[in-house]
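Chemist:
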Amino acid sequence: MPYDEVVARFEPVLGLEVHVELSTKSKMWCGCPTDFGGEPNSHVCPVCLGLPGSLPVVNRLAVESAIRIGLSLNCDIATWCRFARKNYFYPDMPKDYQVSQYDEPLCFDGNVAVEVGGLTYQVPIERVHMEEDAGKLTHVGGAGRISGADYSLIDYNRAGVPLMEIVTKTIHGTGAAAPEVASGYMAFLRDMVRALGVSHGRMERGNLRCDVNVSLTPRGSSELGTRSETKNVNSLRAVADAVRYEMMRQGAILAAGGRVKQETRHWNEGGYTTPGRSKEEAQDYRYFPEPDLVPVAPDPAWVDELRATLPEHPALRRARLAADWGFTEREFGDILAIEGALELIADTVAAGTTPAAARKWWLTELARRANEAGVALDELPITPAQVAEVQALLADGAVNDKLARQVIEGVLAGEGSPAEVVASRGLAVVSDTEALDAAVIAAIAADPEAAAKVRDGKVAAAGALIGAVMKNMRGQADAAKVRELILAKLG
Amino acid sequence: MSDITSLITATAAELGQRIAAREISSVEVVRAHLDQITATDEAVHAFLVVDTERALAQAAAVDARIAAGERLGPLAGVPIAVKDLLCYEGLPTTAGSRILEGWVPPYSSTVVRRLNDAGLVILGKTNLDEFAMGSSTETSGYGPTHNPWDLTRTPGGSGGGSAAAVSAYQAPLAIGTDTGGSIRQPAAVTGSVGAKPTYGMVSRYGIIAMASSLDQAGPVARTTLDAALLHQVIAGHDPLDSTSINAAVADVVGAARSGDVKGLRIGLVTEFGGEGYAPGVELRTREAVTALSAAGAEVVEVSCPHFVHALATYYLIMPAEVSSNLARYDGMRYGLRVGDDGDNAVETVMRLTRGKGFGTEAKRRIILGTYALSAGYYDAFYGSAQKMRTLIARDFTAAFEQCDVLVSPATPTTAFRLGERVADPMAMYKSDLCTIPANLAGVGAASFPCGLAPEDGLPVGFQVMSPALADDRLYLVGAALERELTAKWGGRLLDQAPLLPGTKVVR
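Chains as they are written, first to last, in my numbering: chain D, 20 to 510; chain P, 17 to 523.
Here is the structure:
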């Protein structure tokens with residue numbers, strides 16, 4: 020059945036559960052680092068390994084981050100709430116229970132506006148709660164899944180990393196825009212957690228993980244359909260695709276008179292979902308208040324303080340920057356398309372560079388180098404302030420464009436600040452007019468043919484002479500100035 | 017008394033003083049106790065592991081520091097036994113369970129670190145009911161401990177090993193833990209002193225959890241002052257335990273030295289007596305109250321109507337927490353692993369490990385707790401138990417408006433015979449009838465020896481309960497009672513204990 024027909028016959032109802040991995044330095048209950056990578060089981064201690072006798076102590080910054088997320092989602096903040104244990108056996112959970120929150124979430128009853136195609140959709144927020152991440156299982160042999168594996172390895176470095184779970188209420192009235200509303204909401208969350216500085220917000224690294232709930236209600240009916248829950252959808256595009264795929268799949272089943280099974284489903288790289296564990300054998304998690312932790316009771320004055328210092332709403336900020344920088348919609352769109360570019364350019368502009376120059380550096384030279392190195396743009400070992408410094412050297416004529424690129428290469432290679440690289444590599448433009456004059460005279464003498472053409476008014480022929488001078492000067496000359504000198508001599 | 021005898025029968029306070037004064041060395045004191053363990057523990061089985069070399073090295077280190085002129089605390093150089101529920105880096109810690117057999121913790125509990133910092137010398141780890149679940153030390157996966165007063169009887173539980181070690185002169189001091197009476201009931205039936213401080217006064221960090229909202233470590237000793245000195249060492253705020261209270265420790269040592277109960281209002285709990293209570297227990301309890309009255313205390317009778325529901329409440333909340341706390345023993349990371357033959361799935365290995373590693377009582381409580389927390393039963397069981405817990409706490413609040421401390425028997429009967437209650441869990445659970453309310457409310461409580469029951473000649477314990485944070489009152493009453501009764505007896509109650517075969521004690 021075509022998508023249009025599915026939408027014509029059924030109303031999609033969405034529910035999104037998003038896990039946000041916080042970027043606190045230490046874990047939720049102990050002082051172990053949260054750094055990504057590292058030798059397996061090197062960032063662990065008795066607490067995050069759940070050794071007998073160990074006890075958790077809540078990370079205050081994680082609570083603060085959760086409150087700031089809640090405030091950004093227009094949630095109410097609980098004045099008193101508790102952690103709860105979610106009990107189930109799984110080898111990636113050191114304690115065989117997860118410390119989470121159950122019926123007393125820290126933040127609740129919020130809402131977010133998502134814009135799609137000029138229309139605004141309201142996404143109501145049910146809750147934001149705090150919990151801990153589990154370790155990472157690697158299944159060896161078989162298909163890399165637990166069933167059929169020869170054995171499995173566990174890395175507990177991730178165990179105890181603070182997670183926030185953001186759960187929407189059911190989202191109605193999105194119609195054909197359902198996939199884009201879902202991905203637009205995810206984009207909002209990603210930008211918001213980055214603007215708050217509470218998470219790296221990298222979906223591809225699992226900092227943000229989305230579980231997508233979709234059901235279809237026949238138009239004109241008020242009854243909710245049976246939902247499927249597609250787990251761990253890890254890119255904006257995949258979120259939209261998963262919603263669309265499930266709408267199509269369920270639409271076909273319902274249209275054929277079938278019944279949608281309530282189940283969890285896996286998202287596959289190829290853009291389709293496959294059945295996972297059936298919800299009908301759902302576990303009883305036996306939640307109860309975590310007796311090892313005291314209740315969280317945020318002081319209302321503190322919450323007000325956090326509210327007053329919230330960063331600008333990402334959408335408003337984007338609109339403001341677009342207006343301030345004066346790019347075309349397309350130019351601005353290019354910036355948004357590269358993860359992290361907006362922040363880097365904004366910071367570079369804040370350091371004194373023009374928006375156009377900042378955009379040029381980050382989207383061309385630096386984007387290319389990030390690509391080559393296989394890292395994200397904001398992981399390049401160069402700061403916006405350093406890029407601004409390079410641009411200032413260029414504007415002052417201290418280096419030319421080509422030299423500027425070499426300066427950047429030096430900074431990326433860890434040779435120091437731009438000024439240090441210029442000094443150590445000897446990259447400064449030669450401004451000694453005598454040396455330039457000599458080089459120009461030599462170039463004219465060496466290529467009388469080109470010189471004659473220029474004299475005849477064929478200015479384009481100066482290019483060959485400029486090239487010769489630049490080569491002679493090992494590139495360390497201001498090309499515009501060389502051109503000026505050549506034209507003056509042959510004019 | 018021979019010199020060896022004086023070294024093992026002396027109080028911890030005396031030993032600490034004499035070691036500090038260099039009249040005796042910590043090494044000789046420790047050696048004397050190690051000898052007593054060697055001589056008597058085959059019969060008593062109080063210890064699961066003795067840490068001879070490290071103990072002697074610690075003792076020598078204390079002696080060296082004192083010789084160098086350092087002034088250490090009042091218990092420096094004094095030996096101590098530690099319940100095998102507390103992690104002690106480098107020494108196997110089993111919690112009395114086969115499922116942890118062979119596990120050596122890579123870290124020490126806060127209590128152990130405080131003992132080390134105060135210069136106490138840890139002799140070894142004492143036996144206990146599996147994961148501290150029991151009232152007789154018979155559920156230990158490593159065999160039962162015997163009561164030094166009568167080797168055919170249990171020393172109580174779960175901390176039977178600690179109480180037996182102290183009453184058998186194997187150690188002047190011991191650490192116990194008390195979830196529903198596991199310090200006080202063993203102290204009562206072995207004629208020793210045992211105190212459960214206010215919940216949150218002693219850090220739980222590094223103590224293997226049974227029921228987190230109830231567990232509290234505390235001192236076991238032969239005298240009130242010794243218990244107070246040890247209480248002072250282990251109590252205090254610990255940032256590693258969120259439930260640790262950040263408040264000054266009450267002056268327990270001052271209270272134990274004073275014993276002045278003039279004008280103190282003592283409330284006898286009317287609910288704890290009558291049917292199910294041994295006549296000798298009731299007799300000695302009345303005598304203790306009379307003795308306190310003679311010492312100047314005002315005695316009133318107080319009713320705490322919800323205390324009769326404490327046992328039922330406890331047997332819902334405790335197993336619920338147990339079912340979750342014991343989940344981690346799954347054979348994946350440490351301890352026993354069964355059925356890992358390369359073919360079995362992880363769930364199978366977990367099931368086989370838990371099936372083999374846990375004893376009957378542990379399984380019973382895991383099943384009870386799992387049931388109490390299950391969907392559809394939570395409100396009726398766990399939920400209503402929490403409400404009753406609040407009502408019991410309110411009974412305490414109301415009672416403490418009428419009096420400064422509450423008193424009762426520590427346990428309804430004297431020491432029972434090994435095997436007597438093993439097949440009857442309800443009879444076993446009733447051993448903790450009087451001690452459980454203090455755990456549910458988180459208040460301080462202690463048991464002090466108050467005589468021998470005429471019918472069987474076995475020790476009776478007198479329980480004192482104090483408002484939260486007012487743990488000093490326990491020792492005030494304990495010291496007064498000890499003064500009055502030892503004057504009456506012409507010595508300590510433990511002097512009346514029969515001699516153990518092989519013991520170095522000479523009277």
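Yeah, the Cβ is synthetic: ideal placement off N, Cα and C, and Gly gets one too.
Would you verify that the beta carbon of ALA394 (chain D) is, or is not, closer than 8 Å to some beta carbon of chain P?
Modeler: Note on residue identity: the sequence assigns Val, not Ala, to residue 394 (chain D). No, VAL394 (chain D) does not count as interfacial toward chain P.
Chemist: Looking at VAL217 (chain D): is its Cβ nearer than 8 Å to the Cβ of LEU41 (chain D)?
Modeler: Going by C-beta atoms, VAL217 (chain D) is nearer than 8 Å to LEU41 (chain D).
Chemist: What in chain P is Cβ-close to TYR116 (chain D), meaning under 7 Å?
Modeler: Under the 7 Å cutoff, chain P gives SER340, ALA343.
Chemist: Indicate whether PRO470 (chain P) and GLY296 (chain P) have their beta-carbon atoms separated by less than 8 Å.
Modeler: Result yes, Cβ atoms of PRO470 (chain P) and GLY296 (chain P) sit closer than 8 Å.
Chemist: What does PHE108 (chain D) reach in chain P if we use C-beta pairs closer than 7 Å?
Modeler: Here the neighbours are ALA343, ASP346, MET366.
Chemist: Tell me whether ASP440 (chain P) is buried or exposed, calling it buried when 16 or more other Cβ atoms sit within 10 Å of its Cβ.
Modeler: That one is exposed.
Chemist: What in chain P is Cβ-close to VAL77 (chain D), meaning under 8 Å?
Modeler: Here the neighbours are SER258.
Chemist: Name the DSSP beta bridge partners of PHE288 (chain P), please?
Modeler: Answer by DSSP bridge pairing: none, since PHE288 (chain P) is not bridged.
Chemist: Quick check: VAL78 (chain P) and ALA92 (chain P), are their CB atoms within less than 8 Å of each other?
Modeler: Yes, the pair counts as a contact, with Cβ atoms nearer than the cut-off.
Chemist: Can you tell me whether DSSP reads GLU314 (chain P) as helix, strand or coil?
Modeler: Here GLU314 (chain P) sits in strand by DSSP.
Chemist: For the alpha helix (DSSP H) holding LEU31 (chain P), just list the boundary residues, first then last.
Modeler: From DSSP, the alpha helix (DSSP H) with LEU31 (chain P) extends over 28-36.
Chemist: Roughly how many angstroms lie between the CA atoms of LEU241 (chain P) and GLY179 (chain D), to the nearest whole one?
Modeler: Looking at the two C-alpha atoms, the distance is approximately 43 Å.
Chemist: What is the rounded straight-line gap between the Cα of ARG437 (chain P) and the Cα of GLU146 (chain P)?
Modeler: Those two C-alpha atoms are separated by around 16 Å.
Chemist: My parser needs the alpha helix (DSSP H) runs of 4 or more residues fully inside the region 416-498 of chain P; what are they?
Modeler: The qualifying runs are 441-445, 452-457.
Chemist: Please say whether LEU136 (chain P) and VAL66 (chain P) have beta carbons closer to each other than 8 Å?
Modeler: Against a cut-off of 8 Å, the Cβ pair of LEU136 (chain P) and VAL66 (chain P) comes out as no contact.
Chemist: Quick check on GLY345 (chain D): buried or exposed, where buried means 16 or more other Cβ atoms within 10 Å of its Cβ?
Modeler: It is exposed - the Cβ of GLY345 (chain D) has fewer than 16 other Cβ atoms within 10 Å.
Chemist: Step through the CB atoms of chain D and report whether any lies within less than 8 Å of the CB of VAL127 (chain P).
Modeler: Not closer than 8 Å to any Cβ of chain D, the Cβ of VAL127 (chain P) fails to qualify, so no.
Chemist: Could you tell me whether the Cβ of LEU389 (chain P) comes closer than 8 Å to any Cβ of chain D?
Modeler: Yes, its Cβ sits closer than 8 Å to a Cβ of chain D.
Chemist: Straight-line CA distance for ARG326 (chain D) to PRO255 (chain P)?
Modeler: Taking the straight line from one Cα to the other gives about 29 Å.
Chemist: Flag LEU116 (chain P) as yes if its beta-carbon sits less than 8 Å from any beta-carbon of chain D, otherwise no.
Modeler: Yes, contact with chain D.
Chemist: Could you pull out every residue in the same chain whose Cβ sits closer than 8 Å to the Cβ of ARG502 (chain D), ignoring the five residues on either side in sequence?
Modeler: For ARG502 (chain D), where only same-chain residues beyond five positions count, the Cβ hits under 8 Å are ALA481, ILE485.
Chemist: To the nearest angstrom, how far is the alpha carbon of ARG200 (chain P) from that of ASP231 (chain P)?
Modeler: Straight-line Cα distance between these residues: approximately 13 Å.
Chemist: Residues of chain P with a CB under 8 Å from the CB of ARG104 (chain D): which are they?
Modeler: The answer, in chain order, is SER340.
Chemist: Looking at the C-beta of ARG164 (chain D), does it have a partner C-beta in chain P at a distance below 8 Å?
Modeler: Cβ-Cβ to chain P under 8 Å: no for ARG164 (chain D).
Chemist: I want to verify the contact list: residues of chain D whose CB lies under 7 Å from the CB of ALA336 (chain P), in sequence order.
Modeler: Under the 7 Å cutoff, chain D gives PHE307.
Chemist: The beta strand (DSSP E) that contains ASN130 (chain D), what's its start and end?
Modeler: Where ASN130 (chain D) is concerned, the enclosing beta strand (DSSP E) stretches over 126-135.
Chemist: So is LYS44 (chain D) buried or exposed if we call it buried at 16+ other beta carbons inside 10 Å?
Modeler: The residue is exposed, with fewer than 16 neighbouring Cβ atoms inside 10 Å.
Chemist: Can you tell me where the alpha helix (DSSP H) with LYS421 (chain D) in it begins and where it stops?
Modeler: LYS421 (chain D) -> alpha helix (DSSP H) spans 420-431.
Chemist: Considering only DSSP beta bridges, list what ASN232 (chain D) is partnered with.
Modeler: DSSP output for ASN232 (chain D) lists D:GLY34, D:GLU248 as bridge partner(s).
Chemist: Per the DSSP calculation, ASP174 (chain D) is bridged to which residue(s)?
Modeler: DSSP, once it has assigned bridges, lists D:LYS155 as partnering ASP174 (chain D).
Chemist: Can you name the residues that DSSP bridges to PRO52 (chain D)?
Modeler: Beta-bridge pairing links PRO52 (chain D) to D:SER45.
Chemist: Rank P:ALA184, P:GLY173, P:MET348 by C-alpha distance to the C-alpha of GLY192 (chain P) and give the top, closest one.
Modeler: Nearest option by C-alpha distance: P:GLY173.
Chemist: Can you tell me where the beta strand (DSSP E) with ASP154 (chain P) in it begins and where it stops?
Modeler: Per the sequence shown, residue 154 (chain P) should be read as Glu rather than Asp. No beta strand (DSSP E) holds GLU154 (chain P); DSSP gives it neither H nor E.
Chemist: Could you tell me the distance, in whole angstroms, from the CA atom of SER424 (chain P) to the CA atom of ALA513 (chain P)?
Modeler: The alpha-carbon atoms of SER424 (chain P) and ALA513 (chain P) are separated by roughly 24 Å.
Chemist: Quick one: is GLN510 (chain D) buried, meaning 16 or more other Cβ sit within 10 Å of its Cβ, or exposed?
Modeler: In the sequence as displayed, the identity of residue 510 (chain D) is Gly instead of Gln. Classification of GLY510 (chain D): exposed, given that the 10 Å Cβ count is below 16.
Chemist: List the DSSP bridge partners of TRP286 (chain D).
Modeler: DSSP output for TRP286 (chain D) lists D:THR292 as bridge partner(s).
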